[in-house]
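One structure is given below, encoded as structure tokens.
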Amino acid sequence: MSNGTPELLSVRNLVVAYETSGHVKSRLTAVQDVSLDIAPAGIFALVGESGSGKTSLARAILQLIPSASGQVIFCGKSLPEMNKTQLREARRDIQAIFQDPLSSLSPRRTILQTLTEPLDHFRIGTGKERIDIAAGALETVGLDNSMMQRFPHELSGGQRQRAALARALVSKPKLIVADEPVSSLDASIQARVVELILNLRDKQGIAFLFVSHDLSVVRQLADTVAVMYLGRLVETAPARELFSNPAHPYTRSLLRAVPIADPLHPAPVVLDGEPPSALTPPTGCVFHMRCPDRIERCSSVEPGQVNISGKEGRQENHRVRCHLWNS
Amino acid sequence: MTSQTPVDALSVRGLTVTIQQESQHLRVVDGISFNLRSGEVLALVGESGCGKTKTAEAIMGLVPRDSGVVQATSIRIGDTELAVMPEAAMRQIRGREISMIFQEPLTALDPVFSIGSQMSSVFRRHRKQSRTQARQSSLEMLASVGFPDTARVMRSYPHELSGGMRQRVMIGMAMACKPRVIIADEPTTALDVTTQAQVLARLTDLGRKTGTSILLITHDLGIVAQYCDRALVMSKGKIVEEAEVKQLFTRPAHPYTRSLLAAAAGIND
Numbered sequence: 040m041s042n043g044t045p046e047l048l049s050v051r052n053l054v055v056a057y058e059t060s061g062h063v064k065s066r067l068t069a070v071q072d073v074s075l076d077i078a079p080a081g082i083f084a085l086v087g088e089s090g091s092g093k094t095s096l097a098r099a100i101l102q103l104i105p106s107a108s109g110q111v112i113f114c115g116k117s118l119p120e121m122n123k124t125q126l127r128e129a130r131r132d133i134q135a136i137f138q139d140p141l142s143s144l145s146p147r148r149t150i151l152q153t154l155t156e157p158l159d160h161f162r163i164g165t166g167k168e169r170i171d172i173a174a175g176a177l178e179t180v181g182l183d184n185s186m187m188q189r190f191p192h193e194l195s196g197g198q199r200q201r202a203a204l205a206r207a208l209v210s211k212p213k214l215i216v217a218d219e220p221v222s223s224l225d226a227s228i229q230a231r232v233v234e235l236i237l238n239l240r241d242k243q244g245i246a247f248l249f250v251s252h253d254l255s256v257v258r259q260l261a262d263t264v265a266v267m268y269l270g271r272l273v274e275t276a277p278a279r280e281l282f283s284n285p286a287h288p289y290t291r292s293l294l295r296a297v298p299i300a301d302p303l304h305p306a307p308v309v310l311d312g313e314p315p316s317a318l319t320p321p322t323g324c325v326f327h328m329r330c331p332d333r334i335e336r337c338s339s340v341e342p343g344q345v346n347i348s349g350k351e352g353r354q355e356n357h358r359v360r361c362h363l364w365n366s
Numbered sequence: 003m004t005s006q007t008p009v010d011a012l013s014v015r016g017l018t019v020t021i022q023q024e025s026q027h028l029r030v031v032d033g034i035s036f037n038l039r040s041g042e043v044l045a046l047v048g049e050s051g052c053g054k055t056k057t058a059e060a061i062m063g064l065v066p067r068d069s070g071v072v073q074a075t076s077i078r079i080g081d082t083e084l085a086v087m088p089e090a091a092m093r094q095i096r097g098r099e100i101s102m103i104f105q106e107p108l109t110a111l112d113p114v115f116s117i118g119s120q121m122s123s124v125f126r127r128h129r130k131q132s133r134t135q136a137r138q139s140s141l142e143m144l145a146s147v148g149f150p151d152t153a154r155v156m157r158s159y160p161h162e163l164s165g166g167m168r169q170r171v172m173i174g175m176a177m178a179c180k181p182r183v184i185i186a187d188e189p190t191t192a193l194d195v196t197t198q199a200q201v202l203a204r205l206t207d208l209g210r211k212t213g214t215s216i217l218l219i220t221h222d223l224g225i226v227a228q229y230c231d232r233a234l235v236m237s238k239g240k241i242v243e244e245a246e247v248k249q250l251f252t253r254p255a256h257p258y259t260r261s262l263l264a265a266a267a268g269i270n271d
């Protein structure tokens, strides 16, 4: 998959499964055979609807939940094979922010205490230097120095997400996994956080795995987009191409469902039905029941991932899981 | 009456909602007036905090007395004046003449009763139908909001349905009495984009078929452009612009509308 440049993060054939509780134990496969690459300073967006497995994938990459099989290689090292100490050390370079910023800010600590904690932990700098680094991180995210002595409850939603981002920045990470970081924010504040992420990438070379269900936000910042449906990456492509020339029928349905703020634009097209349950996935392609373009094979054989670069003018690194492209 | 003037389904004159916040009186809705025409989908659009939801609650008579004061010269549904109506009479109007759909359907559905029992009770109460009739009506209503397996949905409890399915149940319940007016307050904000398209298509189709007028409250200009006939733009408690949707997008008159459109264009492109 790589074309010469060393990847920052490589995920290969990752599977995440949960045992469900209750009388009858069954296995729910949340992530099935996912492979992806994130380049240094790249912004990789993972889009999909609720229940598609985005968060499970993000958490498995962060080693917050175990994976059933597959590889996660970060800076050339395999994260799942690391022991606790090694993993802790690796977390300097791979940080996370979540939809609810309060989950990464302690309610009983001031913002300064929260920001210097990773520095204490990783023994970075002297006491004085730690405060300087914290102040620098706050400045980067556009928060005033006076915020240092405040508690999370004294901040607005947008300020909290900035503070959470500042906390992720102090250890100078190479990659930030951001799981729906702007979903709970108002549109105008969303735009500012998006701008901030773009800035961090441009000025500090930080790469992002940006998880979102909001296509309009993704369009503004991603270099590469992967579309997830029932645990599978059904399409991965450079962002511009994915939005202008989508190849998978699900991606097309997803894009056609977005109402465009122009009355002369064609009306959104309704994709009927609901996604199937991950507990009882259908045979064949997981999208075949709702697919407008299905052929006979789709209901019996699960399509593998194919690279369609060069086909019908597609660029490099455009991959889909679809029988229509397999012939 | 000449047949050329369409009768207004809802007419609001001089509506003000004042709330008390720390020793201050805040006019969150500031003397607004508008008409919802028969059979149209009218957008009420604005950013969070502009007074959209308070407007809806005031029309429905749902602003709690200890949280705010509602004043209006007139709120009329057809020929019925709601502004001076006592609560007991208002209860007869809600559901029958005017219904509301909320952002989060779980707040409006009872977790301990099946969908069938909650839907049937609407038909029994407002339409005075028998048990059998009400069940039949419920099945038909569920089919009309796009459920293929209506009997299974009838047996389900709210937590067993997805967000989009619950919102379609809510539309069915709101439509049960064929009301003149439905107020839908951000009905798809919590839903995924494909589900949003399903729900809004069902809502506006049903409205057109039954002649129900819809006041659709939203912050999303894409929804305004694609699903509405006219729009009211609200900012800081006031309606700053009222226009046909095509005109709103091609020739916005108010600077605030222009700034909203510019922000949306940045997102779309």
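Sequence order for the protein chains is A and B. Numbered according to the numbering used here, the first sequence spans residues 40 to 366. Numbered according to the numbering used here, the second sequence spans residues 3 to 271. By construction, the Cβ of each residue, glycine as well, lies at the ideal position given by its N, Cα and C atoms.
Query                                                                                                                                                                                        : Result
Take the Cβ of GLY349/A as the centre, count every other Cβ of all protein chains shown within 10 Å, and call the residue buried at 16 or more, exposed below.                               : exposed
PHE251/B versus chain A: which residues are under 7 Å apart at the beta carbon?                                                                                                              : ASP301 and PRO302
What beta strand (DSSP E) runs, 3 residues minimum, are completely inside the segment 236-308 of chain A?                                                                                    : 246-251, 263-268 and 271-277
Within the 7 Å Cβ cut-off, does HIS252/A reach chain B?                                                                                                                                      : yes
Quick one: does THR196/B have its CB under 7 Å from some CB of chain A?                                                                                                                      : yes
Using a Cβ-Cβ cut-off of 8 Å (strictly less than) and excluding sequence neighbours within five positions of ALA317/A, which residues of its own chain qualify?                              : LEU67, THR68, ALA69, GLY90, GLY92, LEU269 and GLY270
Could you check what DSSP says for LYS213/A in three-state terms: helix, strand or coil?                                                                                                     : coil
Counting only beta-carbon atoms, is LEU237/A nearer than 7 Å to chain B?                                                                                                                     : no
Under 8 Å Cβ-Cβ, which residues of chain B neighbour LEU293/A?                                                                                                                               : VAL195 and THR196
Could you work out which residue in VAL340/A, SER143/A and ASN356/A is closest to PRO320/A when comparing CA atoms only?                                                                     : VAL340/A
Give the secondary structure of ASN356/A by DSSP, where H, G and I count as helix, E and B as strand, and everything else as coil.                                                           : coil
Do ALA265/B and ALA300/A have their C-beta atoms closer together than 7 Å?                                                                                                                   : no
So, for SER132/B: in the same chain, excluding its five sequence neighbours on each side, which residues have a beta-carbon less than 8 Å away from its beta-carbon?                         : ARG126
Identify which residue in LEU111/B, SER101/B, LEU141/B and THR190/B has its Cα closest to the Cα of LEU12/B.                                                                                 : SER101/B
Measure how close the beta-carbons of MET167/B and THR214/B come, nearest whole angstrom, since I'm counting them as under 8 Å.                                                              : Contact doesn't hold; Cβ gap of about 21 Å is too wide.
State buried or exposed for TYR258/B, treating a residue as buried only when at least 16 other CB atoms are found within 10 Å of its CB.                                                     : buried
Quick check: what's the CA-CA separation for ASN238/A versus ILE104/A?                                                                                                                       : 30 Å
Roughly how many angstroms separate the alpha carbons of ASP225/A and PHE104/B, rounded to a whole number?                                                                                   : 19 Å
According to DSSP, is TYR57/A part of a helix, a strand, or is it coil?                                                                                                                      : strand
Using 7 Å as the limit for Cβ to Cβ distance, is VAL114/B near chain A?                                                                                                                      : no
Rounded to whole angstroms, what's the CA-CA distance from ARG336/A to GLU355/A? Just pull it up for me.                                                                                     : 27 Å
Could you tell me how far apart the beta carbons of LEU154/A and ARG199/A are, in whole angstroms, since I believe they sit closer than 8 Å?                                                 : Rounded, the Cβ-Cβ distance is 13 Å, inconsistent with contact.
Any residues in the segment 85-116 of chain A with a beta carbon nearer than 7 Å to a beta carbon of chain B? Which ones, in chain order?                                                    : GLU88 and SER89
Should HIS192/A be listed as close to the ligand ADP, given that the test is whether its C-beta is under 6 Å from any heavy atom?                                                            : As for the ligand ADP, it is missing from this structure, which has no ligand bound.
Quick test of your reading: ALA286/A and ARG353/A, contact by CB under 8 Å. State the CB separation rounded to the nearest angstrom.                                                         : 7 Å
In whole angstroms, what separates the C-alpha of ASP222/B from that of LYS211/A?                                                                                                            : 37 Å
Counting only beta-carbon separations shorter than 7 Å, does LYS248/B have a partner in chain A?                                                                                             : yes
Compare the C-beta of ILE1/B with all C-beta atoms of chain A and state if any pair is closer than 7 Å.                                                                                      : Shown here, chain B extends from 3 to 271; a query on residue 1/B therefore has no answer.
Quick one: is ASP207/B buried, meaning 16 or more other Cβ sit within 10 Å of its Cβ, or exposed?                                                                                            : exposed
Going along the chain, which unbroken runs of the beta strand (DSSP E) with 3 or more residues stay wholly within the segment 95-131 of chain A?                                             : 108-113
Compare the C-beta of SER41/A against all C-beta atoms of chain B and say whether one is closer than 7 Å.                                                                                    : With a pLDDT of 47 at SER41/A, under the threshold of 50, the predicted position of this residue should be treated as unreliable, and no value is reported.
Which bits of chain B does ASP225/A rub up against, with CB to CB less than 9 Å?                                                                                                             : GLU49, SER50, GLY51 and HIS221
Mind checking which residues open and close the alpha helix (DSSP H) that includes LEU202/B?                                                                                                 : 195-212
Can you find a C-beta in chain B that's less than 7 Å from the C-beta of VAL257/A?                                                                                                           : no
Answer yes if the segment 66-77 of chain B comes into contact with the segment 179-195 of chain B, meaning at least three C-beta pairs across the two stretches below 8 Å, and no otherwise. : no
Report the three-state DSSP secondary structure of LYS130/B (helix, strand or coil).                                                                                                         : coil
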